[in-house]
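The numbering of the sequence shown is our numbering, which starts it at 2 and goes up by one. C-beta: ideal position from N, C-alpha, C; glycine also. To keep things clear, I will list the structure first and then write my remarks on it.
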Amino acid sequence: MLVIAFDADDTLWVNEPYFRESEETFAALFEDYLPMHQTQQELFKTEMDNLALYGYGVKGFMLSMIETAIRITGGNLSAEGTDRILEIGKELLERPIEILPHVETVLEALSTKYRLVVATKGDLLDQERKLKKSGLAKYFHHIEIMSDKKPEDYQKLIRHLDIAPEQFFMIGNSLKSDILPVLELGGHGVHIPFHTTWAHEMVSHPVEHVNFREIEQLDEVLSFL
Ligand SMILES: [Mg+2]
Numbered sequence: 002m003l004v005i006a007f008d009a010d011d012t013l014w015v016n017e018p019y020f021r022e023s024e025e026t027f028a029a030l031f032e033d034y035l036p037m038h039q040t041q042q043e044l045f046k047t048e049m050d051n052l053a054l055y056g057y058g059v060k061g062f063m064l065s066m067i068e069t070a071i072r073i074t075g076g077n078l079s080a081e082g083t084d085r086i087l088e089i090g091k092e093l094l095e096r097p098i099e100i101l102p103h104v105e106t107v108l109e110a111l112s113t114k115y116r117l118v119v120a121t122k123g124d125l126l127d128q129e130r131k132l133k134k135s136g137l138a139k140y141f142h143h144i145e146i147m148s149d150k151k152p153e154d155y156q157k158l159i160r161h162l163d164i165a166p167e168q169f170f171m172i173g174n175s176l177k178s179d180i181l182p183v184l185e186l187g188g189h190g191v192h193i194p195f196h197t198t199w200a201h202e203m204v205s206h207p208v209e210h211v212n213f214r215e216i217e218q219l220d221e222v223l224s225f226l
């Protein structure tokens with residue numbers, strides 16, 4: 002029996018646009034020091050430097066904002082400024098869940114035929130909260146909050162599910178995290194692009210693979226699954 006795994010952020014629900022908005026709010030706080038786009042670049046640099054230590058998610062993002070603010074203000078970040086940054090992060094954690102089109106129909110249809118799984122990065126508590134708020138948890142047999150989405154991370158998941166890689170379908174918006182590592186293991190990847198992609202998740206080359214498909218709307222999976 003096939004296992005169909007879904008990425009969560011920007012596959013099941015909206016995520017990246019909220020981060021973009023938070024980055025803009027953050028950059029606007031320090032316009033006296035740097036133009037906004039430069040602050041955003043500085044933040045991205047900090048995030049990349051911290052990724053191996055903090056992992057993915059809002060909390061690491063908050064710490065990276067604080068670190069960036071200290072740097073660009075030349076060490077003059079005030080308590081009030083720090084407080085504003087923490088507020089930006091907390092607002093991000095409290096955003097309502099906006100489920101993407103066709104998600105419910107597709108999960109409903111596929112859950113009668115296959116084992117469905119969520120495979121997502123991010124903060125454990127935050128992803129659990131989003132899943133609960135979304136009302137989608139009932140469709141899934143298993144929720145995997147992963148610290149990263151490298152081939153070895155998927156290998157662990159596939160082993161845990163007790164299936165062969167070719168029985169594993171991954172559906173997600175990131176070629177880099179959701180598709181390429183799964184194809185590498187011999188699984189299937191279904192790419193559903195989202196209009197906003199984090200620079201860290203960008204892949205510049207086209208993907209060609211016999212187990213690879215790209216769709217525009219999620220309900221297209223019902224024609225082959
Ligand atoms: Mg995603």
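{"Item": "Roughly how far, in whole angstroms, is the beta-carbon of residue 146 from the beta-carbon of residue 125, given that I think they are within contact range, below 8 angstroms?", "Value": "5 angstroms"}
{"Item": "Quick check on the DSSP output: the beta strand (DSSP E) that includes residue 7 runs from which residue to which?", "Value": "4-7"}
{"Item": "Run through the DSSP bridge pairs and tell me what residue 145 is partnered with.", "Value": "120"}
{"Item": "Does ligand 1 have a heavy atom nearer than 6 angstroms to the CB of residue 175?", "Value": "yes"}
{"Item": "Exposed or buried, what is residue 138 when buried is set at 16 or more other beta-carbons lying within 10 Å of its beta-carbon?", "Value": "exposed"}
{"Item": "Give a single yes or no on whether residue 12 has its beta carbon closer than 6 angstroms to a heavy atom of ligand 1.", "Value": "yes"}
{"Item": "Any chance the segment 50-65 sits against the segment 74-83, with 3 or more Cβ pairs inside 8 angstroms?", "Value": "no"}
{"Item": "For residue 95 and residue 30, what's the separation of their Cα atoms in angstroms?", "Value": "21 angstroms"}
{"Item": "Considering only the beta carbon of each residue, do residue 108 and residue 140 sit closer than 7 angstroms?", "Value": "yes"}
{"Item": "Does the distance between the C-beta of residue 124 and the nearest non-hydrogen atom of ligand 1 fall short of 6 angstroms?", "Value": "no"}
{"Item": "Grab me the residues of residue 47's own chain with a C-beta within less than 6 angstroms of its C-beta, minus the 5 sequence neighbours each way, in chain order.", "Value": "65, 68 and 69"}
{"Item": "Check this for me: beta carbons of residue 179 and residue 8, under 7 angstroms apart or not?", "Value": "yes"}
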